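Working notes for the structure below.
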């Protein structure tokens with residue numbers, strides 16, 4: 057059974073930083089494309105970072121230059137380093153995994169990030 061568990065959320069002031077982690081189990085991590093999404097009430101879920109199993113990264117303009125996604129295949133972990141956080145970054149951040157050879161997607165339960173002064 058595939059499980060994704062996020063951690064690292066919290067409360068931070070504008071301009072601050074946080075690093076989120078997502079640990080995967082029950083699946084061969086090296087075959088996974090990994091993504092971070094965020095969700096706020098009343099808004100569509102937004103993709104904020106992706107990394108393929110080959111290490112190619114992509115970001116939307118809203119976070120480019122501030123967020124960095126990385127992965128450690130030895131530890132089955134994907135990270136999201138978030139710098140220069142803004143109040144509009146406040147959201148539940150969710151980890152998503154998609155095996156390279158499958159259309160199935162897996163989701164974690166999310167971790168809350170609150171950016172507030």
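In the numbering used here, the protein residues as written are 57 to 173. The beta-carbon is built from N, C-alpha and C at its ideal position, and this holds for glycine as well. The model shown is predicted, which means the values in this text are computed figures rather than measured ones.
| Asked | Found |
| --- | --- |
| If we count Cβ pairs, one from each stretch, closer than 8 Å, do we get three or more for the stretch 118-133 versus the stretch 79-88? | yes |
| Confirm, please, whether the CB-CB distance from residue 93 to residue 150 is below 8 Å. | yes |
| Between which two residues does the beta strand (DSSP E) holding residue 137 run? | 133-138 |
| State the DSSP-derived secondary structure class of residue 144, mapped to helix, strand or coil. | helix |
| Taking only three categories from DSSP, how would you classify residue 121? | coil |
| Touching or not, the stretch 145-164 and the stretch 60-73, by the rule of three or more beta carbon pairs under 8 Å? | yes |
| Measure the alpha-carbon distance for residue 124 versus residue 105 and round it to whole angstroms. | 8 Å |
| Return the first residue and the last residue of the beta strand (DSSP E) that residue 88 is part of. | 88-95 |
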